[in-house]
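Read in order, the letters of the sequence shown are residues 18 to 163 in our numbering. Here a beta-carbon is modelled for each residue, glycine too, at the ideal position from N, C-alpha and C. Okay, structure first, notes after.
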Amino acid sequence: MKIILMLMLLFTGTLKAETTWIPISNGGNFIIIPFIPSEKYNQPSNVNLVKLSNGVTITWNDIQHASKYRVEGLDSNGNWVLLRDVDSNSVTFSPLPVGISSIRVMACSYISCANSGLWSNSVALKKQIIFIHTDLLGSPVVETKG
18 MKIILMLMLL FTGTLKAETT WIPISNGGNF IIIPFIPSEK YNQPSNVNLV
68 KLSNGVTITW NDIQHASKYR VEGLDSNGNW VLLRDVDSNS VTFSPLPVGI
118 SSIRVMACSY ISCANSGLWS NSVALKKQII FIHTDLLGSP VVETKG
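This is the structure in structure tokens:
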């Protein structure tokens with residue numbers, strides 16, 4: 018029994034993620050499985066952006082039982098693209114991802130990120146001004162970025 022307990026402590030001490038592990042006893046044997054909630058994880062809150070000299074660090078509040086986080090960016094075509102899966106509640110991009118204007122974060126289970134949580138509110142990496150040029154009647158003619 019002492020050996021199994023020491024193995025459990027050793028095994029859980031090396032994990033970087035905050036996965037909740039459940040030991041299940043079957044007589045003299047133990048099986049350790051990850052806890053995976055039946056409901057979606059809450060959206061990460063307090064998503065903050067800290068600008069660095071040549072990049073950015075993004076942090077957010079930890080979600081209980083989440084094993085990792087998926088970070089996506091909004092590209093110039095308006096599509097959310099995978100930037101990185103991380104096992105902590107922060108990520109640093111140095112340099113900034115090219116063509117990405119906003120970032121959002123979702124908590125993931127031990128098994129998958131597919132439909133496992135709710136997305137955070139997006140955070141803009143940089144402000145962008147779009148000028149809408151009109152004709153004499155006020156109808157939009159062309160857009161330019163400033």
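Buried or exposed (CB count within 10 angstroms, at least 16 for buried), residue i
| i | result |
| --- | --- |
| Ile48 | exposed |
| Ile50 | exposed |
| Met23 | Any reading at Met23 must be qualified, since the residue scores a pLDDT of 43, below 50, and its modelled position is unreliable; no value is offered. |
| Val122 | buried |
| Gly116 | exposed |
Expected contact under 8 Å - CB spacing of residue i and residue j to nearest Å
| i | j | result |
| --- | --- | --- |
| Ser84 | Cys125 | 6 Å |
| Val140 | His150 | The pair is not a contact, with the Cβ atoms about 29 Å apart (cut-off 8 Å). |
| Trp77 | Val64 | 5 Å |
DSSP state of residue i mapped onto helix, strand, coil
| i | result |
| --- | --- |
| Phe148 | strand |
| Leu154 | coil |
| Lys68 | strand |
| Thr109 | strand |
| Asp79 | coil |
| Asn102 | First, the residue type needs correcting, since residue 102 is Asp and not Asn in the sequence shown. Here Asp102 sits in strand by DSSP. |
| Thr36 | coil |
| Val159 | strand |
| Pro114 | coil |
Residues bridged to residue i [DSSP beta-bridge criterion]
| i | result |
| --- | --- |
| Ile120 | Gly90 and Val140 |
| Gly134 | Tyr58 |
| Asn46 | Asn43 |
Cα-Cα separation between residue i and residue j, rounded to whole angstroms
| i | j | result |
| --- | --- | --- |
| Asp79 | Ile53 | 16 Å |
| Phe148 | Gly155 | 13 Å |
| Gly72 | Phe110 | 5 Å |
| Gln60 | Leu69 | 25 Å |
| Ile120 | Thr74 | 11 Å |
| Ile226 | Asn94 | Here the chain covers residues 18 to 163 and nothing more, so residue 226 does not appear. |
| Val88 | Asp102 | 6 Å |
| Asp92 | Ser107 | 21 Å |
Residue-level contact to chain B via CB, residue i, 8 Å cutoff
| i | result |
| --- | --- |
| Val115 | Structure shown: chain B not included; a single protein chain is present. |
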